[in-house]
Amino acid sequence: MIYNIALLRGDGIGPEIVDSAVRVLEAVGEKYGHTFNFTPYLIGGAAIDAVGVPLPQETVDGCLASDSVLLGAVGGPRWDTLPGNLRPEKALLGIRAALGLFTNLRPARLYPALSGDCPLRPDLVRDGFDIMIVRELTGGIYFGDRGYREGKYGEEAYDTECYSRFEIERIARVAFETARKRRGRVGSVDKANVLETSRLWRRTVHEVRDALYPDVELRDVLVDNAAMQLVRDPAQFDVIVTSNMFGDILSDEASQITGSIGMLPSASLGEGTRGMYEPIHGSAPDIAGRGIANPIATILSAAMMLRYSFGLTREADAIERAVDRALDDGLRTADIAGASGAGTLGTREMTDAVMERL
Ligand code: NAD
């Protein structure tokens, strides 16, 4: 089979880690008889520098014409003082909306080989944890009405949260389907004691469960409690489903307790098979260009692409196993090397190590 992949390398370490994932995909293609065609497009600060906008129309068109999209990361101090609509991060919201990507899947798993990096007390994570956060991606406060106005005390700013029953049903179904393939438990996170959108969220999630997924266990968790439970007893969670903003925050928290921001992939999905796959970390300007970024989050994002967009389960498993083996063999990039940092691998060497273990 031939698969056409749009590459959005972006800024900072983006180009380095995307190129690592491309090398791994090419090796997988050779081994299993697939052809992956890669077409690069501009996004983020690189696009601002080249053509003056963070998300050129050519990039949107190229992604829409592709089978799937692999993204590095965007942003950096150079572009931080630009107005809101010209910021690199604006491109992320734009491309998600243009591709209709309403689901963000973020696995947060504690790798046994890296349990020493977990910032939680060992007795709290004795049995490890494996959480899948299902975040709604195109609704809520990040997309609602916003602006400035004159208020009682002078200038004020506002953002509004709005969720439709349709949007909540759609993401709830993804969460229940995901739970069915895992341990059968969904925690739905909201703030129903305060917010009207959360009350509609809670009511709708229960209706979807009762009508279509009676076999899945559903629990409501208030967002403040969820933030607390994640550091108290993360293993209690299987699938967490939540709104755009709560998901943004909780998935960062969940990733942090794995101790390894350079390890965690993500998938953004819509109705069809096309998705956008990216590491959860940013462009890491502090280490860009030094060849020391951990490529594993992006390599695992490519594995998610094979699994969720192309249905290549065997190939995705092969990548994930190769990463496990490299870690089990004690190979480390600087970010996961612990205090000494001695004998660590650079981006290229870690990529080679994964490829050798495919
Ligand atoms: P960051 O994730 O880029 O970096 C946080 C810390 O983690 C840094 O010390 C960095 O060196 C380290 N780090 C991140 N990825 C790593 C990797 N693969 N290997 C080794 N170390 C790694 O977050 P930040 O510093 O808050 O943001 C930097 C820029 O990235 C900002 O402009 C921000 O807006 C942008 N950003 C982009 C995305 C995205 O493109 N999806 C996400 C988050 C932040």
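Residue numbers (the numbering used here): -7 to 350.
Virtual Cβ for every residue (Gly too), placed ideally from N, Cα, C.
This structure is a prediction, so every number in the text was calculated from the model and none was measured.
Item: At least 3 beta-carbon pairs within less than 8 Å: the segment 170 to 178 vs the segment 198 to 216; Value: yes
Item: Ile123 versus Asp59, Ile249, Ala100 and Arg113, residue with shortest Cα-Cα distance; Value: Ala100
Item: Which of helix, strand or coil DSSP assigns to Phe302; Value: coil
Item: Under 7 Å between C-beta atoms of Ala318 and Arg340; Value: no
Item: Met268 (DSSP reduced to helix, strand or coil); Value: strand
Item: Alpha-carbon to alpha-carbon, Gly179 and Arg165; Value: 13 Å
Item: Whole-angstrom distance between Val215 and Phe353, CA atom to CA atom; Value: Past the edges of the chain, shown from -7 to 350, lies residue 353, and the structure says nothing about it.
Item: For Phe30, the first and last residue of its enclosing beta strand (DSSP E); Value: Thr27 to Tyr33
Item: For Met347, the first and last residue of its enclosing alpha helix (DSSP H); Value: Thr339 to Glu348
Item: For Ile272, the nearest candidate out of Thr265, Ile288 and Pro69 (CA to CA); Value: Ile288
Item: Which listed residue (Gly68, Thr250 and His198) has its alpha carbon closest to that of Val223; Value: Thr250
Item: Close beta carbons around Thr336, own chain, < 7 Å, minus the five adjacent residues each side; Value: Arg324, Thr325, Ala326 and Ala329
Item: Proximity test, Glu22 beta-carbon vs ligand 1 heavy atom, cut-off 6 Å; Value: no
Item: Close Cβ partners of Leu256 (< 6 Å) along its chain, the five nearest in sequence each way excluded; Value: Ser247, Ile272 and Ala289
Item: Segment contact flag, the segment 125 to 134 with the segment 90 to 97, C-beta cutoff 8 Å, min 3 pairs; Value: yes
Item: Counted within 10 angstroms of its Cβ, other Cβ atoms place Glu153 as buried (16 or more) or exposed; Value: buried
Item: Under 7 Å between C-beta atoms of Ala280 and Ile5; Value: yes
Item: heavy atom of ligand 1 below 6 Å from Asp327 C-beta; Value: yes
Item: Within 7 Å, strictly: CB atoms of Gly64 and Ala(-2); Value: no
Item: Touching by the beta-carbon criterion (3+ pairs, under 8 Å), the segment 16 to 25 and the segment 227 to 242; Value: no
Item: Beta-carbon spacing of Gly36, Gly2 below 7 Å; Value: yes
Item: Nearest residue (CA-CA) to Asp241, options Asp115, Met220 and Arg175; Value: Sequence inspection shows Ile at residue 241; the Asp mentioned does not correspond to that position. For the residues Asp115, Met220 and Arg175, the minimum Cα distance to Ile241 belongs to Met220.
Item: For Tyr(-5): DSSP bridge partner residues; Value: Phe28
Item: Residues bridged to Leu214 [DSSP beta-bridge criterion]; Value: Asp182
Item: Under 7 Å between C-beta atoms of Thr305 and Arg313; Value: no
Item: Nearest-angstrom Cα separation, counted from Arg15 out to Pro80; Value: 26 Å
Item: Ala218 and Val186 closer than 7 Å at C-beta; Value: no
Item: Cβ-Cβ distance between Gly68 and Ser275 below 7 Å; Value: yes
Item: Ser293: CB within 6 Å of a non-hydrogen atom of ligand 1; Value: no
Item: For Leu74, three-class secondary structure by DSSP; Value: coil
Item: Cα-Cα separation, Arg118 to Gly322; Value: 20 Å
Item: Where Tyr134 falls: helix, strand or coil (DSSP); Value: helix
Item: Thr27 versus Met296: straight-line alpha-carbon distance, rounded; Value: 17 Å
Item: Residue closest to Arg194, alpha-carbon to alpha-carbon, out of Gly176, Arg175 and Ile163; Value: Ile163
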